[in-house]
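Residue numbers are given in numbering that gives the first Met the number 0: position 3 of the sequence shown equals residue 2, and the series is strictly consecutive. Just so you know, even glycine gets a beta-carbon here, dropped at the ideal spot from N, CA and C. Quick caveat, the model's predicted, so the values are computed rather than measured.
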Amino acid sequence: MKKFKHGILNEGLNSWLFEDLAKHLSNILGVEVVDSPAEFNYVLSFGDERWNEEKIRKCEKMFIPYERIKNTSDKRILAKLFSEKRIPTPKTYLCGGDQIDSILNEEKDKEWCIKWPIGCGALGHMIIRSS
C-alpha cells in the first residue's frame, strides 16, 4: 500500500457524511483522499466509532490538531470555552428539549436556531419562531 505524504483522511463509520467534502477538498487542494493515515493528515473521519480517539491520535501530524477538532465538534464545549474567554456570541441556551417551550414563551419576539449539541454542519438544525 502506497503511503502518501499528505492526505485527506476519510475512513470508517462516519466517512459517508464527509464524502462530498472530501472530494471537493481533494479537487481544490490537489491532495488525495486516503483511508489510512498519511504522513500529514486533514482528518474528516477515522475509526469505527463516533470518534475513535485512540486511533485518531495515531495520526501524529494533523492539519487541525485533534483537541481543536474535538472542541469544535461539540457546541457545549464551545459555549463553555467562549464563556470562559468572554468571547461575544449570540444569546445561547444549553438545554434539554423539555425546556424549549418555556424559553420560547419568555422570548416571544425572537427567532431561534435549534441545534443538536454535537454534530457537523447544519445537520438536524431547525429554525423556529416564538409566535
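Q: With DSSP as the reference, please indicate the residues paired to leucine 16 in a beta bridge.
A: DSSP output for leucine 16 lists no bridge partner at all.
Q) In whole angstroms, what is the alpha-carbon distance linking serine 82 and asparagine 70? A) 14 Å
(Q) Could you pull the DSSP bridge partners for cysteine 94 from this structure? (A) Paired residue(s): none; cysteine 94 is not in a bridge.
Q) In whole angstroms, what is the alpha-carbon distance linking aspartate 108 and lysine 60? A) 48 Å
Q) Counting contacts by CB-CB distance shorter than 8 Å, is asparagine 13 in contact with chain D? A) The question asks about chain D, but that chain is absent: this structure has only one protein chain.
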